[in-house]
Amino acid sequence: MSSTLAYEDAVDLLDADHKMAQKQFLDYQGLCDDGAPSEARQQLALKICQDLSVHAQIEEEIFYPRVQAVIQDEALMDEALREHAQAKEAIARIRDMAPTDAGYDDTVMQLGTTIMDHVMDEREKLFLKARYSTADLRGMVPELYARKKALQSGKPAPAPAGKKKVKS
Amino acid sequence: MKALVYNGPRDVQVKDMPDARIERPTDALVRITRTNICGSDLHMYEGRTDMKPGRILGHENVGEVIEVGLAVDRVKVGDMVSMPFNIGCGFCENCERGLSNYCLTTNPGLAGAAYGFADMGPYHGGQAELLRVPYADYNCLILPRDAAEKQNDYVMLSDIFPTGYHATEMAQLRPGESVVIYGAGPVGLMAALSATVKGASLVMVVDTHKDRLALAEKIGAVPIDDSEGGGIEQVMELTGGRGADCGCECVGYQCCNMHQEEVPNLTMNNLVNAVKFTGHIGCVGVFVPQDPNAKEKLQRRGQMAFDFGMFWFKGQKMGTGQCPVKAYNRFLSRLIEQEKVKPSWIVSHELPLEKAPEAYRNFDERKEGWTKITLKPNG
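Protein sequence lines, in the order shown, are assigned to chains E and Y. For the first sequence, numbering that gives the first Met the number 0 assigns the number 0 to the initial residue and increments by one for each residue that follows. For the second sequence, numbering that gives the first Met the number 0 assigns the number 0 to the initial residue and increments by one for each residue that follows.
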């Protein structure tokens, strides 16, 4: 299965999540601007929370420890985890709120700011450093992908989209 | 070292920063002799990007190499070099095809890196005494021997001269054709110069600033003052009602109407109307995927009301994005060396680095006579 995954390395896979998150926050802004009903806003907000939780978990379980083992940069890792903790707090708040609550949209958009700050930081520091390091970023892809799919569905990873299964 | 640092919206300061240094064996260290303030620096200056405080600005840089890393072969200490604003690696899928503007290595996750630029990697800019140049063999253009005397010309090779040229390339301008250029800022003027070099029969430049239009006229372009409106009618009159053969957008998302209010779709829709059926449009003005500090809601989401119906109806084509400077800079440098062009004609101010904050203020206000500023960080 691993040979059919299109992501070149772990950074490509993880940053695809980042780009999707950015798009979702822009869409959320659009819903607010257009006065969309609260159900629609909540549906998107919860989808954002779910996607980000999965993303954070695979980073923390797989990517961070493997990269840290090679670059040994405590400060950088602490910063990344601190930013994750901040995001998780906001996610928990959003899940506890009703979309009609005062401050719901602001909390979601605030999460957007937190995430995009984290993304910028990660791209400029950790991703660049990881790519320069000897960490096996290509080899990490199947594992990240499988874990992501398992977390998303609660089931084992399905075959990647659009690719035929090769019988082994 | 002294450097011009972005503190926040409309707040830049010259202060002491840690010396730039060789960080990787493929780096070179350059002592900057000229560095320009670019119109795109103003997007950051005005707080209209997600640029973080603490970054040194400046992506139009020329200087002398004072140190090279162990893995640098071609570039030598003492060389006068021009640095494209793009930072490329030279070996990724895009750099391989000459698209150094969308390098996949130097700005992980995204594509395309630059010195001191929002969303374009962690690199400091060159409005400073020293600049670190990654992958120096790829990212330095070694200048001809007359470089020291013609620095105000060669400094245009980092960005605006190739970017203006790129606009005419995306517009597919051929000898004998007419072109309408929206924007007589430094990039628009360089597009006009490039169009002239390529043998356009008619170069029309549209703007609302008289000092800038006067510079366009100096190189034989037809200035069109749109401050009273009516720019499109003038283009139609000059082209017998057909419209220009092709067009260039050299303004970007902060384009303004005659009342100096921002109307982000103004130049794009004017171009659709001023360019002929089947004409091509090259868009090098900066547009952004989101603009949180914009007043209008579409603009906040990076969208605009575009005359797509007319664009389709006329069968036009459009090219977009930043310029791959390395595709052009070597050959454009020979035009300077052979004195076929003198892009320094737009320089209005040559200032020491200490005067940079004042220069930013005046350039940002589009103050009469401040058309292009070049800084001299090392005297």
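In this text, a Cβ means the ideal position worked out from N, Cα and C, and glycines have one as well.
Which of the three DSSP states is assigned to cysteine 94(Y) in this structure? Position 95 of the second sequence holds residue 94(Y). Cysteine 94(Y) falls in the helix class under three-state DSSP.
Chain E contact for glycine 120(Y) (CB, 8 Å cutoff): To locate residue 120(Y), count along the second sequence from 1; it is residue 121. Judged by the 8 Å Cβ criterion, glycine 120(Y) is in contact with chain E.
When Cβ atoms are compared, which residues of the stretch 106–131 of chain Y fall closer than 8 Å to chain E? Asn106, Pro107, Gly108, Leu109, Asp118, Gly120 and Pro121
Secondary structure of aspartate 145(Y), DSSP reduced to three states: Taking the first residue of the second sequence as position 1, residue 145(Y) is located at position 146. Coil, per DSSP.
For a contact meaning CB atoms closer than 8 Å, what does arginine 94(E) contact in chain Y? Against the first sequence, residue 94(E) aligns to sequence position 95. In chain order: nothing, as chain Y lies at least about 25 Å away.
Can you list the residues of chain Y that glutamate 123(E) reaches, using a CB-CB cut of under 7 Å? The residue you call residue 123(E) lines up with position 124 of the first sequence. Here the neighbours are Gly120 and Pro121.
Helix, strand or coil, according to DSSP, for glutamate 59(Y) in the structure here? For this step, residue 59(Y) is matched to residue 60 along the second sequence. DSSP places glutamate 59(Y) in strand when its eight states are reduced to three.
Spatial neighbours of isoleucine 141(Y) within its chain, please: CB distance less than 7 Å, with the 5 preceding and 5 following residues excluded, ordered by chain position. Counting from 1 along the second sequence, the entry for residue 141(Y) is found at position 142. Counting only Cβ-Cβ distances below 7 Å, and skipping sequence neighbours, we find Val74, Asp78 and Val80.
Identify, in the order they occur along the chain, each residue of the same chain with its Cβ nearer than 7 Å to the Cβ of glutamine 41(E), setting aside the five sequence neighbours on each side. In the first sequence, the residue the question calls residue 41(E) occupies position 42. The residues are Pro98.
Positions along the stretch 60–82 of chain E whose CB lies within less than 9 Å of some CB in chain Y: none
If the cut is a Cβ gap below 8 Å, which residues of chain E does arginine 300(Y) touch? Within the second sequence, residue 300(Y) is the residue found at index 301, counting from 1. Those within 8 Å of arginine 300(Y) in chain E are Leu25, Gln28, Gly29 and Asp32.
Counting only the same chain and skipping the five closest in sequence on each side, list residues whose C-beta sits under 8 Å from that of serine 1(E). Indexing the first sequence from 1 puts residue 1(E) at position 2. Residue placement at serine 1(E) cannot be trusted, given a pLDDT of 45 that sits under 50; the coordinates are not used to answer.
Which residues, in order along the stretch 275–292 of chain Y, keep a beta-carbon less than 9 Å from a beta-carbon of chain E? Pro288, Gln289 and Pro291
By a C-beta neighbour count over all protein chains shown, 10 Å radius and 16 as the cutoff for buried, is glycine 198(Y) buried or exposed? Here residue 198(Y) refers to the residue found at position 199 when the second sequence is read from its first residue. Glycine 198(Y) comes out exposed.
Valine 64(Y) - partner residues in DSSP beta bridges: Walking along the second sequence from the start, residue 64(Y) turns up at place 65. Paired residue(s): Val29(Y).
Hey, which unbroken runs of the alpha helix (DSSP H) at 4 residues or more fall wholly within the stretch 118–145 of chain Y? 135–138
Are the stretch 99–113 of chain Y and the stretch 319–336 of chain Y in contact at 8 Å, needing three or more beta carbon pairs? yes
Go ahead and label valine 76(Y) buried or exposed: buried means 16 or more other beta carbons lie within 10 angstroms of its beta carbon, across all protein chains shown. In the second sequence, residue 76(Y) corresponds to position 77, counting from 1. Valine 76(Y) is exposed by the Cβ-count criterion.
Could you check whether asparagine 328(Y) and threonine 32(Y) sit closer than 8 Å to each other, using their CB atoms as the reference points? Taking the first residue of the second sequence as position 1, residue 32(Y) is located at position 33. Taking the first residue of the second sequence as position 1, residue 328(Y) is located at position 329. Result no, Cβ atoms of threonine 32(Y) and asparagine 328(Y) do not sit closer than 8 Å.
So which residues of chain Y does methionine 139(E) contact, with C-beta pairs closer than 9 Å? As a first step, residue 139(E) is located in the first sequence; it is residue number 140 there, counting from the start. Going along chain Y, no residue has its Cβ under 9 Å from methionine 139(E), so there is no contact; the nearest lies around 14 Å.
Within this structure, are the beta carbons of isoleucine 335(Y) and cysteine 249(Y) separated by less than 8 Å? Counted from its first residue, the second sequence places residue 335(Y) at position 336. Counted from its first residue, the second sequence places residue 249(Y) at position 250. In this structure, cysteine 249(Y) does not lie closer than 8 Å to isoleucine 335(Y) by Cβ.
What residue range is occupied by the uninterrupted alpha helix (DSSP H) comprising phenylalanine 330(Y)? By one-based count along the second sequence, residue 330(Y) stands at place 331. Where phenylalanine 330(Y) is concerned, the enclosing alpha helix (DSSP H) stretches over 328–336.
Could one say the Cβ of leucine 12(E) lies closer than 8 Å to chain Y's Cβ atoms, at least one of them? To locate residue 12(E), count along the first sequence from 1; it is residue 13. With 8 Å as the cut-off, leucine 12(E) does not count as an interface residue toward chain Y.
Look at serine 177(Y) and leucine 212(Y) and say whether their C-beta atoms are less than 8 Å apart. On the second sequence, position 178 is the one that residue 177(Y) refers to. On the second sequence, position 213 is the one that residue 212(Y) refers to. Their beta carbons are not under 8 Å apart, which means serine 177(Y) does not touch leucine 212(Y) by this criterion.
At least one CB of chain E closer than 8 Å to the CB of lysine 296(Y): is that the case? By 1-based counting over the second sequence, the position of residue 296(Y) is 297. It does: the Cβ of lysine 296(Y) has a partner Cβ on chain E nearer than 8 Å.
Using a Cβ-Cβ cut-off of less than 9 Å, give me the residues of the stretch 39–56 of chain Y that come near chain E, in sequence order. Asp49 and Lys51
Quick check: the Cα distance between serine 167(E) and isoleucine 70(E), rounded to an integer number of angstroms? Within the first sequence, residue 167(E) is the residue found at index 168, counting from 1. Within the first sequence, residue 70(E) is the residue found at index 71, counting from 1. Its pLDDT being 45, under 50, serine 167(E) is placed unreliably by the model, and the measurement read from it follows with that caveat. One C-alpha to the other measures close to 36 Å.
Using a beta-carbon distance below 8 Å, is arginine 40(E) in contact with chain Y? For the purposes of this step, residue 40(E) is taken as residue 41 along the first sequence, with counting starting at 1. So, not an interface residue.
Return no unless some Cβ of chain Y is closer than 8 Å to the Cβ of methionine 119(E). The residue given as residue 119(E) occupies position 120 in the first sequence. Yes, contact with chain Y.
Out of curiosity, what's the CA-to-CA distance linking leucine 214(Y) and leucine 188(Y)? Your numbering for residue 214(Y) matches position 215 in the second sequence. Your numbering for residue 188(Y) matches position 189 in the second sequence. Rounded to whole angstroms, leucine 214(Y) to leucine 188(Y) spans 8 Å at the Cα level.
Complete alpha helix (DSSP H) runs within the stretch 235–279 of chain Y (minimum length 4 residues, chain order): 265–273
Residues near glycine 175(Y) in its chain [Cβ-Cβ closer than 7 Å; skip 5 each side]: Against the second sequence, residue 175(Y) aligns to sequence position 176. Excluding residues within five positions, the ones whose Cβ falls inside 7 Å are Gly198 and Ser200.
Would you identify the three-state DSSP class for glutamate 357(Y), choosing helix, strand or coil? Start at 1 with the first residue of the second sequence, and residue 357(Y) comes out as number 358. Here glutamate 357(Y) sits in helix by DSSP.
What are the start and end residues of the alpha helix (DSSP H) that includes threonine 195(Y)? In the second sequence, the residue the question calls residue 195(Y) occupies position 196. Start and end: 185–196.
Ignore the nearest five residues each way along the sequence and tell me which others in leucine 172(Y)'s own chain have a CB closer than 7 Å to its CB. Your numbering for residue 172(Y) matches position 173 in the second sequence. So the qualifying residues of the chain are Val178, Ala194, Lys197, Ala199 and Cys245.
Assign tyrosine 27(E) to one of three DSSP states: helix, strand, or coil. As a working mapping, residue 27(E) is identified with position 28 in the first sequence. Three-state result, tyrosine 27(E): helix.
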